[in-house]
């Protein structure tokens with residue numbers, strides 16, 4: 001019953017990316033009803049943000065989520081970005097692995113799957129087409145297109161169903177998609193929380209969200225500056241593999257190995273080239289296309305033995321302390337806030353990254369659980385909230401390893417604080433395809449700890465000062481309550497009239513304030529009393545008393 | 001019957017009243033001068049309790065703490081002190097007394113209250129120490145019963161005259177307000193105090209008061225403050241020598257010693273309580289040996305206590321040192337009642353006469 005090879009290969013098929021992801025939608029993050037909808041929000045929001053920022057526009061997004069039935073929703077998402085020219089609309093939304101994000105650059109998304117993934121999910125769960133209205137500018141003139149299309153999975157491209165033109169008022173894209181098997185939830189991993197966190201990481205954005213109950217949430221921007229666009233940087237030698245080198249050699253227009261290396265990699269000088277030649281014995285004047293695998297391997301091996309300057313960090317644009325604080329203030333309305341941005345460093349010897357951390361205390365900070373506020377962690381990678389898989393994430397691990405008691409937070413769990421941590425890097429080492437947790441590299445954990453501990457110290461200082469102020473108020477009250485009573489009782493004891501005592505009361509209250517501020521008004525007096533007080537407490541019951549007791553027991 | 005010295009009750013009342021009033025005046029004066037009022041409260045920590053060799057009892061040293069109205073920790077205490085002082089002044093004025101427990105309940109209505117009775121007791125002591133008075137002078141009475149007195153003495157409590165010889169076989173019970181009691185008349189030469197009421201009744205039955213022309217005082221264990229005050233007063237006002245007969249063990253020794261040299265805890269009022277001239281009659285370790293008394297072995301805690309006593313300045317006297325060493329050496333203790341080995345009358349017929357002769 002054996003089959004011939006030719007028969008076996010009768011069923012051989014070529015799988016398009018669309019087909020692949022249709023069968024493996026979990027690889028796009030679409031697992032579970034709540035998570036699926038959160039991922040859709042994530043993809044659409046990040047795309048809008050990226051597009052607006054690249055065009056130098058402050059992002060403003062309107063999201064409208066309607067519930068049709070249980071687990072059945074219609075989502076309309078519109079932005080104020082530069083829009084998509086008509087010819088590209090279906091490419092963006094229907095062709096997987098098409099896009100502009102395959103460079104060594106800090107970006108929110110990376111694979112170019114996001115939007116088309118959303119269209120795929122919609123189509124797979126409802127069979128309904130996608131509708132996109134786009135408005136863009138050509139030579140100062142606004143153009144608009146209103147398309148209805150489906151995705152042809154076999155061909156990995158769009159299939160136009162209907163086209164209308166319309167007169168737009170401003171640039172931007174509006175997409176309408178219908179989903180089943182998804183669920184809107186207010187849980188920590190839900191779509192609403194995703195938007196809330198996004199606003200903290202992106203204080204320059206504005207989002208208006210109408211939820212399925214028609215409640216309209218307006219998240220206003222806390223900052224009026226479009227973030228500086230990250231620059232693309234050349235890969236650092238420590239970050240490349242032999243395969244990367246071969247790939248570069250194949251696609252270069254350089255005529256020599258040495259110029260390939262110096263033009264494709266950062267921190268590569270002539271001195272370093274000489275060093276490589278010395279270490280590997282390879283003649284770097286050869287033509288790139290002659291590079292053999294073994295040579296590439298030898299060069300990568302040499303890289304690991306050489307000293308390089310840290311990679312350039314011009315490609316990393318952190319949110320910045322002020323903006324983090326503004327974002328947290330807007331969303332959490334806390335009574336205290338502190339944020340810090342660390343200097344760039346590298347992990348695995350060659351990938352630069354920056355850690356930012358912030359702490360908000362009081363107000364709406366923390367998670368609300370049965371009317372009680374508990375602490376919460378907000379993890380971000382390149383400004384994108386990480387909602388899932390917090391267990392093995394570098395950020396969670398680093399925060400767990402901090403001794404919070406040292407910062408006066410005895411019961412962290414039940415403290416109304418939000419801890420914010422953002423990792424900025426051209427290559428965030430995600431643990432899985434879902435991109436929801438960061439690999440616990442020792443350097444990353446170290447940086448997260450340092451950043452968080454710095455802001456925790458500030459919080460500690462604030463809490464101390466608050467406690468002192470409270471104590472001061474309490475002290476003043478004690479004096480105001482007691483002084484009149486004591487003087488009245490003393491007058492009764494002395495059988496005289498109650499004298500005027502406002503001045504003494506004022507003196508006493510001032511003195512207490514000075515005492516609190518550490519300006520001890522009469523230290524000597526305090527010391528005698530201190531000793532007295534401890535005598536009172538410790539030794540008032542002395543030997544005689546003991547013997548008396550024993551005697552009583554004997555009787 | 002000899003004439004009793006004039007009593008000092010009236011002046012004591014006046015002194016108390018004026019001292020309490022003075023406490024208020026001190027604060028009011030500061031207020032008028034626009035100074036932050038403060039009070040000096042003598043420290044009664046162990047390091048400020050010293051044995052006065054000349055006086056032969058414990059006194060307070062000269063260290064004190066200053067309580068200022070401007071200190072948040074101290075202001076409440078000052079408030080409590082002033083209120084207690086007012087309460088006491090009222091008691092003194094109306095010639096009433098109250099127990100500490102009663103004061104604690106009265107304080108419920110005060111503007112600055114107490115958290116517990118322990119706290120009010122301590123403030124009571126603070127005032128005693130600050131004014132150098134005993135709580136009896138302040139009208140605050142201990143709750144414990146005083147001891148019994150049997151013998152030929154006539155006292156006056158208010159309008160009532162009491163003959164301690166005609167007050168039943170249990171004698172006259174020493175009042176907690178013993179300072180207000182006048183000694184009208186007596187016909188005795190001495191006072192013998194005994195630790196237990198068993199021995200007290202034995203002495204009454206054997207008519208020891210006649211035989212030795214003595215007052216008999218039953219201490220009921222550790223002597224109450226009123227009992228100690230009574231013994232001091234009869235010693236000083238009536239010039240009667242005081243003898244103490246207790247069990248032959250460290251606890252018995254110490255009951256006698258607290259009567260003689262005062263307690264550390266009450267160092268601030270020992271001048272009213274200690275009777276340095278009182279003498280320990282027995283039972284000593286030597287008695288145990290000489291009279292071949294029935295004994296019990298010393299327990300660990302007895303040995304420990306004896307060692308403590310040997311280091312106590314009150315026991316510096318060579319006789320005491322010898323007796324403590326002897327007891328440790330024989331490892332035995334004996335009760336007063338152990339003389340019954342030789343018959344119920346033996347203690348009065350033989351032991352007391354022999355010991356009294358030895359001590360006089």
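Chains as they are written, first to last, in full-length UniProt numbering: chain A, 1 to 555; chain B, 1 to 360.
Positions of the beta carbon are idealized from the N, C-alpha and C atoms, including for glycine.
Computed from a predicted model, the values in this text were never measured in an experiment.
Consider the Cβ of residue i: report whether some Cβ of chain B lies at a distance smaller than 8 Å.
i	result
residue 477 of chain A	no
residue 458 of chain A	no
residue 503 of chain A	yes
residue 494 of chain A	yes
residue 482 of chain A	yes
residue 491 of chain A	yes
residue 467 of chain A	no
residue 384 of chain A	no
residue 507 of chain A	yes
Beta-carbon separation of residue i and residue j under 8 Å?
i	j	result
residue 433 of chain B	residue 94 of chain B	The structure shown does not extend to residue 433 of chain B, since chain B is modelled only from 1 through 360, so no value can be given for it.
residue 226 of chain B	residue 174 of chain B	yes
residue 209 of chain A	residue 63 of chain A	yes
residue 232 of chain B	residue 359 of chain B	no
residue 427 of chain A	residue 351 of chain A	yes
residue 193 of chain B	residue 242 of chain B	yes
residue 558 of chain A	residue 326 of chain A	Only positions 1 to 555 of chain A appear in the structure, and residue 558 of chain A is not among them; the question remains open.
residue 365 of chain B	residue 155 of chain B	The question about residue 365 of chain B has no answer, for chain B in this structure spans 1 to 360.
residue 201 of chain B	residue 153 of chain B	no
residue 293 of chain A	residue 331 of chain A	no
residue 216 of chain B	residue 204 of chain B	yes
residue 19 of chain B	residue 91 of chain B	no
residue 226 of chain A	residue 61 of chain A	no
residue 324 of chain B	residue 298 of chain B	no
Using the Cβ count rule (16 or more neighbours within 10 Å means buried), how would you classify residue i?
i	result
residue 331 of chain B	exposed
residue 160 of chain B	exposed
residue 12 of chain A	exposed
residue 84 of chain B	buried
residue 433 of chain A	exposed
Could one say the Cβ of residue i lies closer than 8 Å to chain A's Cβ atoms, at least one of them?
i	result
residue 86 of chain B	yes
residue 124 of chain B	no
residue 146 of chain B	no
residue 306 of chain B	no
residue 89 of chain B	yes
residue 69 of chain B	yes
residue 83 of chain B	yes
residue 72 of chain B	yes
residue 79 of chain B	yes
residue 34 of chain B	yes
residue 377 of chain B	Absent from the structure is residue 377 of chain B, since the part of chain B shown begins at 1 and ends at 360.
With a threshold of 8 Å on Cβ separation, who are the neighbours of residue i within its own chain once the five nearest residues in sequence on each side are excluded?
i	result
residue 306 of chain A	237, 272, 275, 276, 279
residue 129 of chain B	41, 42, 44, 60, 268
residue 340 of chain A	321, 356, 357, 358, 451, 454, 455
Apart from the five residues just before and just after residue i, which ones in its own chain have a Cβ nearer than 7 Å to its Cβ?
i	result
residue 313 of chain B	51
residue 555 of chain A	Residue placement at residue 555 of chain A is poorly supported in this model, since its pLDDT is 27, which falls under 50; the coordinates still yield a value, given next. Closer than 7 Å at Cβ, skipping near neighbours: no residue.
residue 118 of chain A	40, 43, 44, 177
residue 354 of chain A	316, 318, 341, 342, 344, 424
residue 268 of chain A	237, 261, 262
Under 6 Å Cβ to Cβ from residue i, same chain only, skipping five residues before and after it: list those, please.
i	result
residue 219 of chain A	199, 207
residue 157 of chain A	94, 95
residue 176 of chain A	76, 131
residue 146 of chain A	133, 164, 166
residue 29 of chain A	39, 434
residue 171 of chain A	82, 83, 135, 136, 137
residue 373 of chain A	366, 416
Please determine whether the Cβ atom of residue i lies at a distance below 7 Å from any heavy atom of the ligand PLP.
i	result
residue 168 of chain B	Within the structure as shown, the ligand PLP is missing, as the structure has no ligands at all.
Task: Under 7 Å (Cβ pairs) to chain B, residues found in the region 392 to 406 of chain A - done: Residues are counted here when their Cβ sits less than 7 Å from a Cβ of chain B; for the region 392 to 406 of chain A the count is zero.
TODO: Note down, in chain order, all residues in the region 101 to 113 of chain B with a beta-carbon under 8 Å from any beta-carbon belonging to chain A.
DONE: Here the close residues are 111, 112.
- [ ] May I ask you to list, following chain order, the residues of the region 14 to 31 of chain B that have a beta carbon less than 9 Å from some beta carbon of chain A?
- [x] Of all residues in the region 14 to 31 of chain B, only 20, 21, 22, 23, 24, 25, 26, 27, 28, 29, 30, 31 come within less than 9 Å of chain A when Cβ atoms are compared, listed by chain position.
TODO: Using a Cβ-Cβ cut-off of less than 7 Å, give me the residues of the region 204 to 233 of chain A that come near chain B, in sequence order.
DONE: Those would be none; no residue qualifies.
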